[in-house]
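Quick notes on the structure that follows.
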Amino acid sequence: MMDKKDFDEYFTDKSLSVSQLERLQLTRTLVNEMYPEVQERVAYNMPGFYPKLATKSNQQLFLVQAQKNWLGIYGTDGLEPEDFATFIRQGVEVGKGSLRVPYDLNEEKFKSLLQFVMKHNFIRHGIELMHDKGKFSGNDKPQKTL
1 MMDKKDFDEY FTDKSLSVSQ LERLQLTRTL VNEMYPEVQE RVAYNMPGFY
51 PKLATKSNQQ LFLVQAQKNW LGIYGTDGLE PEDFATFIRQ GVEVGKGSLR
101 VPYDLNEEKF KSLLQFVMKH NFIRHGIELM HDKGKFSGND KPQKTL
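Printed below as a string of structure tokens:
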């Protein structure tokens, strides 16, 4: 049985390659820049990002895991492959409730993808988000293309 990891350990894991660690660290940096109030927790043996007002373990913005050839993003339930058309053209693969993101996806597209997933999950969980451009609530719909 594996020992449970602390959240920070996922971002310094020496068993991961440089590209895996860099993408994990970039993910964490981007999420914290976009949503400084994010709560960081380990769930299902993966680092996860949660809204400040989340009260349940399944109310994550997303979970993330470094795989050999791609970064896994989990928690995209309710979205269809066509919702990710822009990203699919960039090499992102869509699974049931998950995304496989190539490590070489450029930072701008990667940030757009994270924003899209986070906005969808704020709405899906019925949690309001305050940000510098005003308020968006559960009544807003995420855009299919960014």
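Under full-length UniProt numbering, think of the first position of the sequence shown as 1, with each following residue one higher. For each residue, glycine too, the CB sits at the ideal point set by N, CA and C.
Notebook entry, point to check: What is the residue span of the alpha helix (DSSP H) that S98 lies within?
Noted result: Premise fails: S98 lies in the beta strand (DSSP E), S98 to P102, not in any alpha helix (DSSP H).
Checklist line | Proximity to E9 [Cα-Cα], best of Q65, Y35 and R124 | finding: Q65
Notebook entry, point to check: Is DSSP giving D140 helix, strand or coil here?
Noted result: Low confidence applies here, because D140 scores a pLDDT of 42, under 50, leaving its location unreliable; read the following figure in that light. Note: D140 maps to coil in three-state DSSP.
Notebook entry, point to check: Can you tell me where the alpha helix (DSSP H) with I88 in it begins and where it stops?
Noted result: First-last of the alpha helix (DSSP H) with I88: A85 to I88.
Margin query: For a test of the three-state rule: what should DSSP assign to E37, helix, strand or coil?
Written below: coil
Item checked: Cβ shell of P142 (< 7 Å), same chain only, five flanking positions each side left out -> Unreliable placement is indicated for P142, whose pLDDT of 43 sits below 50; no coordinate value is reported for it.
Next item on the list: Give the secondary structure of Q115 by DSSP, where H, G and I count as helix, E and B as strand, and everything else as coil.
Entry: helix
Note to self: Please give me, in chain order, every unbroken run of the alpha helix (DSSP H) with length at least 4 that falls completely inside the stretch 8 to 68.
What the structure shows: As far as the stretch 8 to 68 is concerned, its whole alpha helix (DSSP H) runs of at least 4 residues are 18 to 34.
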